[in-house]
């Protein structure tokens with residue numbers, strides 16, 4: 002039962018904190034694998050490239066004048 006509640010909390014943190022830079026720390030702490038191009042499509046059906054995809058906080062894109070969307 003302990004593992005079940007941990008999984009629920011991690012999933013909720015994924016949903017709530019992904020844009021705040023906390024997801025990356027959780028992935029490192031809990032040894033959650035980063036999605037890469039070898040995993041196929043993401044949730045929107047888009048195919049990943051050959052690079053690792055990690056969450057990027059909004060503050061990083063807002064404060065970096067070199068970031069292009």
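In my numbering, the protein residues as written are 2 to 70.
Here a beta-carbon is modelled for each residue, glycine too, at the ideal position from N, C-alpha and C.
- In this structure residue 16 is exposed. Its beta-carbon is surrounded by fewer than 16 other beta-carbon atoms within 10 angstroms.
- Cβ-Cβ distances below 7 Å link residue 28 to 35 in the same chain, with the five nearest sequence neighbours on each side left out; the list follows chain order.
- Looking at 55, 5 and 32, the one whose alpha-carbon comes closest to that of residue 21 is 55.
- Pairing residue 61 with residue 5, the inter-Cα distance amounts to about 33 Å.
- Boundaries of the alpha helix (DSSP H) around residue 29: 23 to 30.
- Under the DSSP assignment, residue 60 falls in the alpha helix (DSSP H) whose first and last residues are 59 to 64.
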